[in-house]
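Numbering (the numbering used here), first residue to last: 2 to 189.
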């Protein structure tokens, strides 16, 4: 894969959510939700500066793979079935039989199980459609909510990276979590 043609995965559905392949059209739908600075407390990014900047970013990601074709990018917008509200995103980078997952959700949707539900659907898709053997995720050691989410889904902490990053005026230490295919029972 070395062209820039979009390679979109299918929609993923859960009992309360539809995970739609992320495209430029999602930028205005997600901009306000993802502009909340609370989301970025423990990650080395800032809120999007404009709908245009987010549109450009999503256009780049929707290509579905790195320029060299070694990585597959799976990015999804989370839409709530009940009222069609957009809650955030989940994503995976697939390299061979390994994947890294990440997620961001607007704060007003925290604590309601949406992130767990979305990441669980993404994990199931990675194991079923891509034959992934190992899924990893990293979270700042201060981000108790994210660490708890990963543990609920069956991830096991395998490492702590000291001084993994420096942002917002202080060092960031990160937990590295791993979920092995043979350990996944689908429930999480």
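The beta-carbon is built from N, C-alpha and C at its ideal position, and this holds for glycine as well.
Remember, predicted model here, so these are calculated numbers, not experimental data.
Kindly identify the DSSP beta-bridge partner or partners of residue i.
{"i": "residue 24", "result": "Residue 24 pairs with nothing; no bridge assigned."}
{"i": "residue 92", "result": "76 and 103"}
{"i": "residue 173", "result": "166"}
{"i": "residue 138", "result": "178"}
{"i": "residue 161", "result": "176"}
{"i": "residue 131", "result": "Its beta-bridge partners do not exist; DSSP assigns none."}
{"i": "residue 14", "result": "19"}
{"i": "residue 87", "result": "80"}
{"i": "residue 66", "result": "73"}
Find out if the Cβ-Cβ distance for the pair residue i, residue j is shorter than 8 Å.
{"i": "residue 137", "j": "residue 87", "result": "no"}
{"i": "residue 123", "j": "residue 13", "result": "yes"}
{"i": "residue 63", "j": "residue 49", "result": "no"}
{"i": "residue 82", "j": "residue 120", "result": "no"}
{"i": "residue 118", "j": "residue 17", "result": "yes"}
{"i": "residue 266", "j": "residue 154", "result": "The chain is shown only over 2 to 189; residue 266 falls outside these bounds and no answer can be derived."}
{"i": "residue 114", "j": "residue 40", "result": "no"}
Quick check on this structure: which residue in the options has the alpha carbon closest to the alpha carbon of residue i?
{"i": "residue 186", "options": "141, 133, 173 and 125", "result": "125"}
{"i": "residue 59", "options": "85, 45, 68 and 90", "result": "90"}
{"i": "residue 174", "options": "142, 114 and 65", "result": "142"}
{"i": "residue 163", "options": "84, 140, 56 and 153", "result": "140"}
{"i": "residue 56", "options": "47, 41, 46 and 31", "result": "31"}
{"i": "residue 85", "options": "172, 158 and 19", "result": "19"}
{"i": "residue 45", "options": "157, 156, 160 and 144", "result": "144"}
{"i": "residue 157", "options": "169, 53, 170 and 135", "result": "135"}
{"i": "residue 80", "options": "159, 43, 116 and 10", "result": "116"}
{"i": "residue 67", "options": "110, 54 and 93", "result": "93"}
{"i": "residue 52", "options": "146, 152 and 27", "result": "27"}
{"i": "residue 1", "options": "70, 176, 161 and 172", "result": "Because the chain spans 2 through 189 in this model, residue 1 falls outside it and cannot be assessed."}
{"i": "residue 169", "options": "11, 29, 42 and 33", "result": "42"}
{"i": "residue 98", "options": "129, 109 and 110", "result": "129"}
{"i": "residue 11", "options": "38, 54, 65 and 61", "result": "65"}
{"i": "residue 184", "options": "152, 148 and 54", "result": "152"}
{"i": "residue 109", "options": "38, 15 and 29", "result": "38"}
{"i": "residue 111", "options": "34, 15 and 29", "result": "34"}
Would you please state the rounded distance, in angstroms, between the beta carbons of residue i and residue j? I believe it to be under 8 Å.
{"i": "residue 131", "j": "residue 95", "result": "6 Å"}
{"i": "residue 133", "j": "residue 100", "result": "5 Å"}
- Query: Is the segment 14-27 touching the segment 73-90, taking contact as three or more C-beta pairs under 8 Å?
  - Reply: yes
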